[in-house]
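Trainee: Numbering (my numbering), first residue to last: 60 to 401.
Heads up, the beta-carbon is just placed ideally off N, CA and C, and yes, glycines get one too.
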Ligand code: KG4
Ligand code: ZN
């Protein structure tokens, strides 16, 4: 079964064709990062306009790259939330249009469910190789959620952020250090040069809870930067290379340790067989390495390019939904910007 996955919830126009939920036949990502980087964050109006311009060429490119004809596509899957309303609308309307033109079913998918199913791509089978229940940690620019997955398509949120998402904290810290956008890969690159003893940042904690809170960590970075006179930015207070490396390393360690601590706590109460990481922050090499070294259960980590937003994860999730529930044409579906996972 070939499924075309459409993902436009944020700033990437991502189109992919996946066979049987696991084999990627094509994976196109039209990144808009160059349009947003000068603002240090995503501008929703620019994002939806860019999706509108790139979606049809990206779908065409995905078909070309797969070598498939449109009549060999069995279903169309699309992210209908959570995300930016104007961005989601472009993907959902394109999906409906294609479904009508090609006479194929269209399946709405929750973006977070997509991040979870990136664990099944590339012919991996966490359910068979590790087994349920799994604890999934989804950490991205908009979300930090710990999800108990007892079976396919069965989710219970056991921990979430009370304020900022992990990716947001990476992006803000990078801005303070005058690094580029998105901040995660920049912080990771700078942190790699760290040596010797480095003054740590706090590990934010909410007592007796599996919830996260990253705004305090963000504030700690800003406060130290103000004290050390590298922030607010002026023409004369650029941080030197060592300062950038030290902040990046200390920040990354604090956020990685916080995530590992909460997952370890969850594992004390829940006999999960493994931990699955997903979302853009799961591309972080330090998080992947330290989580795998620390936990006593297997840690499943999709390849970095499958952690950040992509259409393949949406197609994969749709495959498992079709296996469970079949297909039905849902032309009346709408975008749900604050869609919950349950
Ligand atoms: O999942 P994603 O691509 O989009 C959303 O659904 O938000 O996640 C984007 C976030 C950004 O905040 C970005 O800085 C972060 O993921 N990110 C990383 C890395 N790569 C992307 N954070 C830490 N380390 C990375 N290597
Ligand atoms: Zn995402």
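I want to check one thing, is the minimum distance from the CB of residue 199 to the heavy atoms of the ligand KG4 below 7 angstroms?
Mentor: Yes, the beta carbon of residue 199 sits closer than 7 angstroms to at least one heavy atom of the ligand KG4.
Trainee: Please say whether residue 162 and residue 62 have beta carbons closer to each other than 8 angstroms?
Mentor: For residue 62 and residue 162, no; Cβs fall outside 8 angstroms.
Trainee: Does the beta-carbon of residue 121, which I'm using as the reference point, lie nearer than 7 angstroms to any heavy atom of the ligand ATP?
Mentor: With respect to the ligand ATP, the structure shown offers nothing to examine, as its ligands consist of the ligand KG4 and the ligand ZN.
Trainee: Any idea what DSSP makes of residue 372, helix, strand or coil?
Mentor: Three-state DSSP puts residue 372 in a helix.
Trainee: From which residue to which residue does the alpha helix (DSSP H) around residue 195 run?
Mentor: Looking at the DSSP string, residue 195 is not in any alpha helix (DSSP H); the run it does join, the beta strand (DSSP E), is 193 to 198.
Trainee: Just how far apart, CA to CA, sit residue 286 and residue 259?
Mentor: Their backbone Cα atoms lie some 15 angstroms apart in a straight line.
Trainee: Measuring only the C-alpha atoms, how far is residue 225 from residue 349?
Mentor: Answer to the nearest angstrom: the Cα atoms are 16 angstroms apart.
Trainee: Using 8 angstroms as the threshold, is the stretch 89 to 106 in touch with the stretch 229 to 240, meaning 3 or more CB pairs across them?
Mentor: With the cut-off at 8 angstroms, the stretch 89 to 106 and the stretch 229 to 240 touch.
Trainee: Indicate, with yes or no, if the ligand KG4 has a heavy atom lying under 7 angstroms from the CB of residue 316.
Mentor: Result no, Cβ not under 7 angstroms from the ligand KG4.
Trainee: Using CA coordinates, which residue listed in 191, 236 and 154 is at the minimum distance from residue 299?
Mentor: Selected option, being the one with the closest Cα: 236.
Trainee: Along the beta strand (DSSP E) that carries residue 166, what are the first and last residues, could you check?
Mentor: Taken as a continuous stretch (DSSP letters only), the beta strand (DSSP E) holding residue 166 covers 165 to 169.
Trainee: For residue 337, which residues does DSSP report across the bridge?
Mentor: In DSSP, residue 337 forms a bridge with 197.
Trainee: Please report the straight-line C-alpha distance between residue 270 and residue 261, rounded to a whole angstrom.
Mentor: Going from the Cα of residue 270 to the Cα of residue 261 covers about 16 angstroms.
Trainee: Tell me, please, which residues DSSP counts as bridged to residue 204.
Mentor: Per DSSP, 197 and 219.
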